[in-house]
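Under the working numbering, the letters of the sequence shown match residues 30 to 355, in that order.
Just so you know, even glycine gets a beta-carbon here, dropped at the ideal spot from N, CA and C.
Input: a single structure, listed below in structure tokens.
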Amino acid sequence: MKPTVFITRKLPDKSIAVLKDQFEVRMWEEEEVPVPKEVLFAEVENAEALFTVVSDPVTEELLSAGKNLKVVANMAVGYDNIDVEAATKRGVLVCNTPDVLTETTADLTFGLLLATARRVVESAEFIKQGKWQSWSPFLLAGHDVHHKTIGIYGMGKIGEAVAQRAKGFGMEILYHNRTRKPEAEKVLGAKYCSFDELLELSDFVVAMAPLTNETKHMFNAEVFSKMKSSAIFINSSRGAVVDEEALYQALIHNVIAGAGLDVFEKEPISQDHPLLSLPNVTALPHIGSASIETRMSMIHICVDNIQRILTGKNPRTLVNKSLLSE
Ligand code: 8YV
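If you want it as structure tokens, here you go:
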């Protein structure tokens with residue numbers, strides 16, 4: 030019998046042809062509705078490989094149901110949706126998709142920064158709604174980006190790619206990270222500083238950190254109160270690094286000037302989410318890596334990893350690396 034692969038989202042046929050040739054491929058086909066829990070559990074019971082996205086919680090309970098599971102291939106660089114410890118305990122390989130999405134996510138992050146500072150979305154709505162009656166000096170005037178100070182919290186690969194873009198805009202680049210990044214300091218002129226200094230000095234504070242127990246809700250009321258009142262906060266990493274209620278309060282009380290958000294604590298958010306009611310918030314539906322080229326590359330890595338693992342080879346990318354060295 031061929032090993033079974035279960036895919037939780039509808040993918041283009043041609044992108045999974047390699048899997049279809051060799052394995053029994055089952056896929057949740059509905060694009061508007063996520064796979065229901067009971068269907069997911071029933072599918073995982075018979076699967077050797079599971080193809081997931083970040084909005085699929087891969088819990089210890091799900092992993093226990095997957096008695097034959099060998100691999101979870103997550104179509105994302107982040108894997109906070111997966112209980113990696115539970116997977117490792119069961120010998121299940123967890124694969125992600127690093128590198129291929131770095132530049133694409135940095136483009137979106139910088140675009141979100143520009144859009145928020147220069148009120149691009151608001152201005153586009155304004156003209157479409159027929160509100161452009163006359164010219165006035167401060168009509169939809171925003172704030173400059175060039176030559177301002179950007180503070181990047183989390184200088185991983187995407188953080189560095191954002192810094193590269195900031196350099197092109199003549200910005201002063203500050204960063205805070207668990208470890209120093211000599212290359213970014215040398216090549217991009219980025220300056221390492223404490224988290225508090227970053228908050229106090231930056232015109233744009235960009236959250237680029239993965240979601241962990243340490244980073245959860247780290248952007249809270251106290252943190253927002255340390256930022257400039259003219260600061261714009263940008264988040265395209267994970268929603269839960271922010272205390273959303275604290276951000277809402279900071280925005281309505283002018284503690285900070287605006288926010289550009291590609292991610293939210295519980296996605297998808299509904300239209301009545303309080304942050305969506307604020308004119309100084311630019312909100313996007315988690316599209317950081319969403320270019321056709323990059324999404325195809327991400328699928329390709331997942332497919333390749335599944336194919337390799339189910340045929341006894343090592344994957345190209347692996348999160349729980351200890352499993353291969355045993
Ligand atoms: C995912 C992401 O592609 O890579 C990540 O960590 O958040 C996105 O790029 C998307 O959320 C689907 O899993």
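Beta-bridge partners of residue i, as assigned by DSSP
{"i": "R55", "result": "F35"}
{"i": "S205", "result": "With the sequence shown as reference, residue 205 is identified as His, and Ser is not the correct amino acid for it. According to DSSP, H205 bridges with Y182."}
{"i": "F248", "result": "V271"}
{"i": "N264", "result": "A236 and L290"}
{"i": "L372", "result": "The first residue shown for the chain is 30 and the last is 355, placing residue 372 beyond what the model contains."}
{"i": "V87", "result": "I111"}
{"i": "E220", "result": "The sequence shown places Lys at residue 220, not Glu. L203."}
Reduced DSSP secondary structure (H/G/I, E/B, other) of residue i
{"i": "A78", "result": "strand"}
{"i": "L230", "result": "helix"}
{"i": "Y108", "result": "coil"}
{"i": "L307", "result": "coil"}
{"i": "K215", "result": "helix"}
{"i": "K255", "result": "helix"}
{"i": "K350", "result": "coil"}
{"i": "A312", "result": "strand"}
{"i": "F155", "result": "helix"}
{"i": "M30", "result": "coil"}
{"i": "F198", "result": "coil"}
{"i": "D173", "result": "coil"}
{"i": "L276", "result": "helix"}
{"i": "E61", "result": "coil"}
{"i": "E296", "result": "coil"}
{"i": "N334", "result": "helix"}
{"i": "H329", "result": "helix"}
{"i": "S165", "result": "coil"}
{"i": "V150", "result": "helix"}
Short Cβ contact (9 Å threshold) for residue i with residue j
{"i": "S259", "j": "D232", "result": "yes"}
{"i": "L137", "j": "V174", "result": "no"}
{"i": "G287", "j": "L280", "result": "yes"}
{"i": "C124", "j": "I321", "result": "no"}
{"i": "L92", "j": "R119", "result": "yes"}
{"i": "K127", "j": "E77", "result": "Checking the sequence shown, residue 127 turns out to be Pro, not Lys. It is not a contact, given that the beta carbons lie outside the stated cut-off."}
{"i": "M256", "j": "I181", "result": "no"}
{"i": "S84", "j": "I328", "result": "no"}
{"i": "V292", "j": "S266", "result": "yes"}
{"i": "E296", "j": "H315", "result": "yes"}
{"i": "S318", "j": "T81", "result": "no"}
{"i": "A195", "j": "M184", "result": "no"}
{"i": "E201", "j": "H176", "result": "yes"}
{"i": "A144", "j": "I187", "result": "no"}
{"i": "V47", "j": "I36", "result": "no"}
{"i": "T311", "j": "V150", "result": "yes"}
{"i": "K39", "j": "E67", "result": "no"}
{"i": "L98", "j": "P344", "result": "no"}
{"i": "C331", "j": "M56", "result": "no"}
Distance cut-off 8 Å: residue i Cβ against heavy atoms of ligand 3
{"i": "H172", "result": "Ligands displayed in this structure: ligand 1; ligand 3 is not among them."}
Anticipated Cβ contact below 8 Å, residue i with residue j, distance rounded
{"i": "V348", "j": "V64", "result": "That pair is no contact at about 22 Å."}
{"i": "A94", "j": "E74", "result": "5 Å"}
{"i": "K335", "j": "V100", "result": "Checking the sequence shown, residue 335 turns out to be Ile, not Lys. Contact holds; Cβ gap of about 6 Å."}
{"i": "P239", "j": "D50", "result": "With a Cβ gap of about 35 Å, P239 and D50 do not count as contacting."}
{"i": "L130", "j": "T323", "result": "5 Å"}
{"i": "S254", "j": "V284", "result": "6 Å"}
{"i": "L352", "j": "T88", "result": "Contact flag wrong, Cβ pair sits at about 19 Å."}
{"i": "L228", "j": "V252", "result": "6 Å"}
{"i": "A213", "j": "E189", "result": "5 Å"}
Cutoff 9 Å: residue i Cβ touching any chain D Cβ
{"i": "E67", "result": "Note that chain D does not occur in the displayed structure, where there is just one protein chain."}
Exercise for the section: Report yes or no: do three or more beta-carbon pairs, one from the stretch 286-304 and one from the stretch 260-276, lie closer than 8 Å? Expected result: yes
Handout entry: Segment contact flag, the stretch 212-227 with the stretch 236-244, C-beta cutoff 8 Å, min 3 pairs
Key = no
Handout entry: Segment contact flag, the stretch 146-156 with the stretch 205-214, C-beta cutoff 8 Å, min 3 pairs
Key = no
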